[in-house]
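Okay, so here's the structure we're looking at.
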Amino acid sequence: MSIDPSTAARVAKLARIKVEPDALPALAEEFNTILGFIEQLNEVDVEGVEPMTSVTPQRLKRRSDVVNDGNQAEAVLKNAPDQREGFFAVPKVVE
Amino acid sequence: MSDLNKLGLAEARDALRAGETTSRELTESCLNAIQGAGALNAFVHHTPEIAMERADAADVRIKAGGAPDMCGLPIGIKDLFCTKDVPSQAGSRILEGFLPQYESTVSANLQNAGAVMLGKLNMDEFAMGSSNETSVYGSVVNPWRRGNDDTALTPGGSSGGSAAAVAADLCLAATGTDTGGSIRQPAAFTGTVGIKPTYGRCSRWGVVAFASSLDQAGPMTKSVRDAAIMLEAMCSHDPKDSTSMDLPVPNFEALMTGDIRGKKIGIPKEYRMDGMPEEIEKLWSNGAEMMRDAGAEIVDISLPHTKYALPAYYVIAPAEASSNLARYDGVRYGHRASLDASDGITEMYEKTRAEGFGPEVQRRVMIGTYVLSAGFYDAYYNRARRVRTLIKKDFEDVFAAGIDAILTPATPSSAFGLGEMTDVDPVQMYLNDVFTVTVNMAGLPGIAVPAGLDSKGLPMGLQLIGRPWEEGDLLSSAYALEQAAGFVAKPNKWW
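Line by line, the protein sequences are chains L and W. Just so it is clear: in the first sequence, position 12 is 22 by the working numbering, and no numbers are missing. Just so it is clear: in the second sequence, position 359 is 677 by the working numbering, and no numbers are missing.
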């Protein structure tokens with residue numbers, strides 16, 4: 011399977027990374043090199059093999075559904091690039 | 319005592335107990351060494367005040383008696399670990415200015431044991447790289463050189479700062495992390511010891527995530543004994559990481575007898591690769607010979623899916639990275655691009671991530687996005703996860719047949735020059751992890767031990783792979799190998 015510049019543009023959009031149009035052909039080429047390497051996996055017979063979900067067979071632990079942390083608004087907002095009145099501030103999202 | 323920075327953890331611990339030195343003296347010695355080693359670019363955030371404060375506290379604690387082994391020992395912390403109020407950037411521009419408001423469990427464990435943090439260590443951006451060249455801070459330079467040739471070499475990656483700092487005696491030991499070989503490959507390139515424990519031994523909480531099903535922290539040290547001491551302090555069961563294992567942490571140092579008589583050491587035929595330098599091949603067979611002489615039985619084994627580990631890794635790791643790195647959106651922390659008046663939130667995301675991520679990280683995030691996207695998820699991601707099951711089964715089969723540990727080369731070459739791989743395609747760089755990545759895919763413990771110098775005078779390492787949760791036994795085998803190899807070379811100081 012070969013990736014063309016328009017597919018590369020679609021992937022960049024999905025990943026929310028701005029890529030200038032003139033950089034797309036080279037990017038597509040890199041994707042093709044990496045995907046070409048990955049294609050080897052098609053040689054493996056995986057019929058009836060379960061996809062791994064956890065490298066150590068274990069049931070995820072559960073805990074009581076209770077509040078165990080909180081009231082840390084100041085610490086949570088401490089690293090925000092833009093914050094106002096106790097909220098993260100972002101460009102307008104609704105018209 | 320002079321040159322205190324050159325001590326290992328065990329020696330320094332014993333000197334502290336004997337009252338021959340103090341943590342203050344050890345720490346000052348390391349801070350001086352760091353000051354004189356700017357050319358290596360290993361330490362990227364310096365915390366001398368924190369270090370001296372913790373050193374003095376450790377001296378009080380040691381005097382009182384009963385202090386833990388790590389108490390008073392100065393170490394470096396990889397930039398991937400969040401450290402409270404100390405910059406933690408994962409080598410990325412996107413986390414510029416980020417000051418965590420919490421401490422990672424591993425660094426907190428070390429701190430509680432009394433270890434002294436000297437500063438934060440350089441690394442490949444988000445731990446994605448094998449040469450430390452993807453770092454926003456610039457490359458780390460390996461303290462080792464090819465004889466009198468002053469070509470700057472890579473210390474490996476992603477824990478390149480940690481490896482260089484330990485090899486150059488800027489600290490007694492350092493933390494590393496390993497997703498596909500990021501502890502073991504740099505250890506091999508710098509003549510140091512690095513162990514990646516079983517997945518789930520060390521808590522991942524507070525460690526900036528790359529690929530969550532593969533990431534594990536571990537120590538990078540000057541000896542196998544030091545690795546045992548520091549690993550014990552780093553491990554814990556942590557309710558904040560649901561994959562951390564609720565198992566007691568043994569006294570690894572006590573388990574490290576070095577007695578390998580009657581042990582079965584497997585030599586996997588699939589690790590004999592085309593184009594592998596003869597010197598690596600020879601190192602490997604010498605290693606097997608040494609272990610046989612120490613009383614082990616050497617057994618030829620097969621791990622048939624080895625060749626598929628790296629391509630499967632380059633599906634799974636980018637897929638997990640694309641998901642983990644979605645959090646860098648310019649909203650909650652780190653860098654936000656400056657926006658035009660007409661820009662909306664999507665432009666904010668796209669510009670922020672384009673400016674904040676370097677080329678390798680962008681590449682992997684986009685590959686991950688692609689293999690997870692509608693229509694390709696089954697063909698790539700699910701297939702890779704099936705192959706991963708087979709890779710793990712290969713190991714289970716040989717362990718079930720009685721193999722105690724597996725001996726392999728750590729890397730397909732010794733350290734290469736900085737910039738040498740710039741013009742090749744990314745896959746060539748990925749091949750650095752060909753011997754180490756299988757271990758992450760199977761969640762096993764693996765350790766790199768320096769075993770010799772090549773004809774250029776550069777260190778080469780061997781890797782031992784152990785059974786899950788049996789790091790004590792693995793360290794014991796590694797100790798036997800270390801004793802037999804007798805590697806004592808150090809880089810000549812040029813920095």
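Where a beta carbon is used, it is the ideal one built from N, C-alpha and C, also for glycine.
Non-local beta-carbon contacts of L417 of chain W in its own chain, meaning distances under 6 Å to residues more than five positions away in sequence, involve D403 in chain order.
Taking a Cβ-Cβ cut-off of 8 Å, the neighbours of R654 of chain W in chain L comprise P91, D92, given in sequence order. For V29 of chain L, the secondary structure class from DSSP, reduced to helix, strand or coil, is coil. For P101 of chain L, the C-beta contacts it makes with chain W under 7 Å involve L657, D661, G662, I663, M666, in order along the chain. In the three-state reduction of the DSSP assignment, M684 of chain W falls in the helix class, which pools H, G and I. For the 8 Å CB-CB criterion, D496 of chain W and N758 of chain W form a contact. Of the residues W:S795, W:A481, W:M591, W:A803, the one whose Cα lies closest to the Cα of A733 of chain W is W:A481.
Residues of chain W with a Cβ closer than 9 Å to the Cβ of A85 of chain L are, in chain order, Q419, Y420. In the structure shown, K514 of chain W adopts extended strand secondary structure according to DSSP, grouped into three states. Membership of I619 of chain W in the beta strand (DSSP E) is indicated by the continuous run 615–619. At a cut-off of 8 Å, the C-beta of K669 of chain W has a neighbouring C-beta in chain L.
Taken atom to atom, the span from the alpha-carbon of I724 of chain W to that of W602 of chain W is near 11 Å. A contact is defined here as three or more CB-CB pairs under 8 Å, and the stretch 511–519 of chain W fails this definition with respect to the stretch 368–378 of chain W.
Contact between A546 of chain W and L793 of chain W holds, since their C-beta atoms are separated by about 5 Å, short of 8 Å. Between A506 of chain W and M778 of chain W a beta carbon distance of about 7 Å is seen, short of the 8 Å cut, so the two are scored as contacting. With contact defined as three or more Cβ pairs closer than 8 Å, the stretch 320–334 of chain W and the stretch 383–393 of chain W are in contact.
What F41 of chain L touches in chain W, judged by beta-carbon distance under 9 Å, is R681, M684, I685, Y688, going in chain order. In the three-state scheme derived from DSSP, where H, G and I count as helix and E and B as strand, F805 of chain W is classed as coil. Contact between N440 of chain W and A527 of chain W does not hold, since the beta-carbon distance rounds to 19 Å and is not under 8 Å. One thing to note: V705 of chain W has its Cβ within 8 Å of the Cβ of V54 of chain L. Contacts with chain L (Cβ-Cβ distance below 9 Å) from the stretch 723–751 of chain W involve D743, P744, V745, Y748, listed in chain order. If only uninterrupted alpha helix (DSSP H) runs of at least 4 residues are considered, those enclosed by the stretch 464–529 of chain W are 478–485, 502–508. If you draw a 10 Å sphere on the C-beta of N466 of chain W, you find fewer than 16 other C-beta atoms in it, and that means exposed. Following the DSSP letters along the chain, one finds F713 of chain W in no beta strand (DSSP E) but inside the alpha helix (DSSP H) bounded by residues 701–718. With respect to chain W, the C-beta atom of V76 of chain L has no partner C-beta closer than 8 Å.
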